[in-house]
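Visitor:
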Amino acid sequence: MAERSDDDDTLAVFFDAARDRPGDLPDDLSARILADATAVLSARTGRAPAPPRGWLAALGAALGGWPSLAGLATAAVAGVWIGAAQPVALEAFGLTAGPAAYELEDLMPAFDDLASEG
Amino acid sequence: MPVTMQMPPSDSDAALLVAFGNGDLSAARLLTARLGPRVLGFATRMLRGDRAEAEDVTQEAMLRLWKIAPDWQQGQAQVSTWVFRVAANLCLDRLRRSGRSVPLDDAEEPQDGRPAVLAAMLARERAAALDAALAQLPDRQRQAVVLRHIEGMGNPEIAEVMDISTEAVESLTARGKRALAAILAAQREELGYG
Numbered sequence: 002m003a004e005r006s007d008d009d010d011t012l013a014v015f016f017d018a019a020r021d022r023p024g025d026l027p028d029d030l031s032a033r034i035l036a037d038a039t040a041v042l043s044a045r046t047g048r049a050p051a052p053p054r055g056w057l058a059a060l061g062a063a064l065g066g067w068p069s070l071a072g073l074a075t076a077a078v079a080g081v082w083i084g085a086a087q088p089v090a091l092e093a094f095g096l097t098a099g100p101a102a103y104e105l106e107d108l109m110p111a112f113d114d115l116a117s118e119g
Numbered sequence: 386m387p388v389t390m391q392m393p394p395s396d397s398d399a400a401l402l403v404a405f406g407n408g409d410l411s412a413a414r415l416l417t418a419r420l421g422p423r424v425l426g427f428a429t430r431m432l433r434g435d436r437a438e439a440e441d442v443t444q445e446a447m448l449r450l451w452k453i454a455p456d457w458q459q460g461q462a463q464v465s466t467w468v469f470r471v472a473a474n475l476c477l478d479r480l481r482r483s484g485r486s487v488p489l490d491d492a493e494e495p496q497d498g499r500p501a502v503l504a505a506m507l508a509r510e511r512a513a514a515l516d517a518a519l520a521q522l523p524d525r526q527r528q529a530v531v532l533r534h535i536e537g538m539g540n541p542e543i544a545e546v547m548d549i550s551t552e553a554v555e556s557l558t559a560r561g562k563r564a565l566a567a568i569l570a571a572q573r574e575e576l577g578y579g
């Protein structure tokens with residue numbers, strides 16, 4: 002290993018100061034460098050690189066793409082239909098009695114006297 | 386004692402370059418963030434503070450890197466070494482063309498009484514004073530000193546960048562440091578390191 006000279010001691014604080022000032026890359030220079038990279042890539046592949054995707058496209062991709070989205074839409078429509086359609090089959094079994102079929106004492110027998118006294 | 390600093394893993398640089406060569410533009414973004422600031426700082430010092438020219442050199446060096454990416458062989462060299470070599474040659478070409486080059490043959494012992502570069506903060510003063518002193522060195526001495534003591538490269542890597550022997554690197558850095566020390570000695574008390 003080389004001996005440490007007086008020059009090393011003299012210069013150490015200067016080199017430290019220079020290293021402690023990390024350089025930054027101006028945004029416009031960074032953009033120019035990346036534009037070059039894009040151009041080089043385009044020239045080589047003969048097509049432009051794919052532009053960055055929007056959040057909607059990214060969400061669709063995360064869910065599995067268009068086939069999965071089609072399935073999801075079908076399931077949603079089916080759910081709405083099942084919830085909104087009249088349950089005819091249950092009526093046939095007499096299980097769809099409306100509110101008029103019950104009196105207060107059926108539901109809360111302890112309150113019957115109180116209710117009749119007004 | 387050798388001065389070392391944290392360097393980005395060179396194998397990752399190579400992997401990123403290969404990824405870019407395979408069409409991955411995000412790899413170029415990472416490489417730009419890693420190498421761009423270092424190359425710009427180096428070129429700025431090589432060109433004696435000419436920031437606009439240093440930016441042009443940085444862009445050109447990176448452009449050449451993008452172009453060579455498809456042919457890059459892992460293990461053939463460090464990406465940073467390759468880029469610094471290109472940047473150094475571009476800087477030397479510009480210095481020669483503009484007549485600002487200081488060849489080694491013309492190197493003289495530094496004169497006393499160089500004007501100090503004053504700044505508000507002590508660290509900035511020191512860094513600025515160093516840059517001003519570096520600007521007075523012959524090009525090859527400046528290149529070797531910056532790569533060794535600011536970029537933290539080892540002598541073999543510098544030899545590869547400069548296309549000279551490691552002995553020549555040691556000689557250049559020793560002479561460069563001697564000259565720098567003489568230039569900066571006048572500012573010893575003022576900059577608070579004496």
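Just so you know, the protein sequences line up as chains R and X, in that order.
Straight run, no breaks: the first sequence in this note's numbering ends on number 119.
Straight run, no breaks: the second sequence in this note's numbering ends on number 579.
Cβ coordinates follow ideal geometry from the N, Cα and C atoms, glycine included.
Taking 8 Å as the threshold (C-beta atoms), are Ala400(X) and Ala428(X) in contact?
Guide: As a working mapping, residue 428(X) is identified with position 43 in the second sequence. As a working mapping, residue 400(X) is identified with position 15 in the second sequence. The answer is no: Cβ separation not under 8 Å.
Visitor: Out of Ser397(X), Gln463(X), Ser483(X) and Arg563(X), state which residue places its alpha-carbon closest to the alpha-carbon of Pro541(X).
Guide: Counting from one through the second sequence, the residue named residue 541(X) turns up at place 156. The residue with the shortest Cα to Cα distance from Pro541(X) is Gln463(X).
Visitor: Would you please verify whether the beta carbon of Ala18(R) is less than 8 Å from any beta carbon of chain X?
Guide: Position 17 of the first sequence holds residue 18(R). So yes, Ala18(R) belongs to the interface.
Visitor: Tell me which residue opens and which closes the alpha helix (DSSP H) that Gln526(X) is part of.
Guide: Working through the second sequence from its first residue, we reach residue 526(X) at position 141. It spans Asp524 to His534 - the alpha helix (DSSP H) in which Gln526(X) sits, taken as one unbroken run.
Visitor: Quick one, are the C-beta atoms of Leu515(X) and Ala19(R) less than 8 Å apart?
Guide: For the purposes of this step, residue 515(X) is identified with residue 130 of the second sequence, where counting begins at 1. For the purposes of this step, residue 19(R) is identified with residue 18 of the first sequence, where counting begins at 1. In contact: Leu515(X) and Ala19(R) (Cβ atoms closer than 8 Å).
Visitor: Taking Ile568(X) as part of the alpha helix (DSSP H), name the residues at either end of that continuous run.
Guide: In the second sequence, residue 568(X) corresponds to position 183, counting from 1. Ile568(X) -> alpha helix (DSSP H) spans Thr551 to Ala570.
Visitor: If we cut at 8 Å on Cβ distances, does Ala413(X) have a partner in chain R?
Guide: In the second sequence, counting from the first residue as 1, residue 413(X) sits at position 28. At least one chain R Cβ lies under 8 Å of Ala413(X).
Visitor: Please compile the residues from chain X whose C-beta is within a distance smaller than 8 Å of the C-beta of Gly47(R).
Guide: Here the question's residue 47(R) lines up with position 46 in the first sequence. What Gly47(R) touches in chain X: nothing, since even the nearest Cβ is about 11 Å away.
Visitor: Step through the CB atoms of chain R and report whether any lies within less than 8 Å of the CB of Ala517(X).
Guide: The residue given as residue 517(X) occupies position 132 in the second sequence. No, because no Cβ of chain R sits closer than 8 Å to the Cβ of Ala517(X).
Visitor: Measuring only the C-alpha atoms, how far is Asp17(R) from Gln528(X)?
Guide: Stepping through the first sequence from its first residue, residue 17(R) is reached at position 16. Stepping through the second sequence from its first residue, residue 528(X) is reached at position 143. Looking at the two C-alpha atoms, the distance is approximately 17 Å.
Visitor: For the putative contact between Arg470(X) and Val546(X), defined by C-beta atoms under 8 Å, what is the C-beta separation to the nearest angstrom?
Guide: Counted from its first residue, the second sequence places residue 470(X) at position 85. Counted from its first residue, the second sequence places residue 546(X) at position 161. Yes, they are in contact, since the Cβ atoms of Arg470(X) and Val546(X) sit about 4 Å apart, within 8 Å.
Visitor: Hey, does Thr551(X) have any beta-carbon neighbour from chain R nearer than 8 Å?
Guide: For the purposes of this step, residue 551(X) is identified with residue 166 of the second sequence, where counting begins at 1. Chain R contact via Cβ: absent.
Visitor: When DSSP labels each residue in this structure, what does Pro455(X) get in the three-state scheme?
Guide: By 1-based counting over the second sequence, the position of residue 455(X) is 70. Of the three classes helix, strand and coil, the one that applies to Pro455(X) here is helix, per DSSP.
Visitor: Would Thr551(X) and Ala544(X) be called neighbours here (beta carbons separated by less than 8 Å)?
Guide: Position 166 of the second sequence, counted from the first residue, corresponds to residue 551(X). Position 159 of the second sequence, counted from the first residue, corresponds to residue 544(X). Taking 8 Å as the Cβ cut-off, Thr551(X) and Ala544(X) qualify as a contacting pair.
Visitor: Within 8 Å of any Cβ in chain R, is that where the Cβ of Pro523(X) sits?
Guide: For this step, residue 523(X) is matched to residue 138 along the second sequence. No - not a single Cβ of chain R is within 8 Å of the one on Pro523(X).
Visitor: Pull out every residue of the region 425 to 442 of chain X whose Cβ sits closer than 7 Å to any Cβ of chain R, in chain order.
Guide: The residues in question are Leu425, Gly426 and Glu440.
Visitor: Do you know whose CA, among Asn407(X), Leu410(X), Ser397(X) and Ala446(X), lies nearest Leu30(R)'s CA?
Guide: Translated into the one-based positions of the first sequence, residue 30(R) becomes position 29. Among Asn407(X), Leu410(X), Ser397(X) and Ala446(X), the Cα nearest to that of Leu30(R) belongs to Ala446(X).
Visitor: Taking only three categories from DSSP, how would you classify Gly421(X)?
Guide: On the second sequence, residue 421(X) is found 36 positions in, with the first residue counted as 1. Here Gly421(X) sits in helix by DSSP.
Visitor: Just reading off the alpha helix (DSSP H) that Pro27(R) is part of, what are its end residues?
Guide: Here the question's residue 27(R) lines up with position 26 in the first sequence. Counting along the chain, Pro27(R) falls outside any alpha helix (DSSP H), and DSSP gives it neither H nor E.
Visitor: Which first and last residues belong to the alpha helix (DSSP H) in which Phe469(X) is found?
Guide: Here residue 469(X) refers to the residue found at position 84 when the second sequence is read from its first residue. Where Phe469(X) is concerned, the enclosing alpha helix (DSSP H) stretches over Val464 to Ser483.
Visitor: With distances taken between CB atoms, is the gap from Leu26(R) to Gly421(X) smaller than 8 Å?
Guide: Along the first sequence, one-based indexing puts residue 26(R) at 25. Along the second sequence, one-based indexing puts residue 421(X) at 36. Taking 8 Å as the Cβ cut-off, Leu26(R) and Gly421(X) qualify as a contacting pair.
Visitor: When burial is assigned at 16 or more other CB atoms within 10 Å of the CB, is Trp467(X) buried or exposed?
Guide: The sequence position of residue 467(X) within the second sequence is 82, counting from 1. Result: buried.
Visitor: Going by CA-CA distance only, name the one from Pro455(X), Val403(X), Leu402(X) and Arg423(X) that's closest to Gly537(X).
Guide: Position 152 of the second sequence, counting from 1, holds the residue named residue 537(X). The shortest Cα separation from Gly537(X) among Pro455(X), Val403(X), Leu402(X) and Arg423(X) belongs to Arg423(X).
Visitor: Alpha carbons only, please: which of Arg45(R), Ala63(R) and Leu35(R) is nearest the one belonging to Ala412(X)?
Guide: In the second sequence, the residue the question calls residue 412(X) occupies position 27. Residue Leu35(R) is the option with its Cα nearest to Ala412(X).
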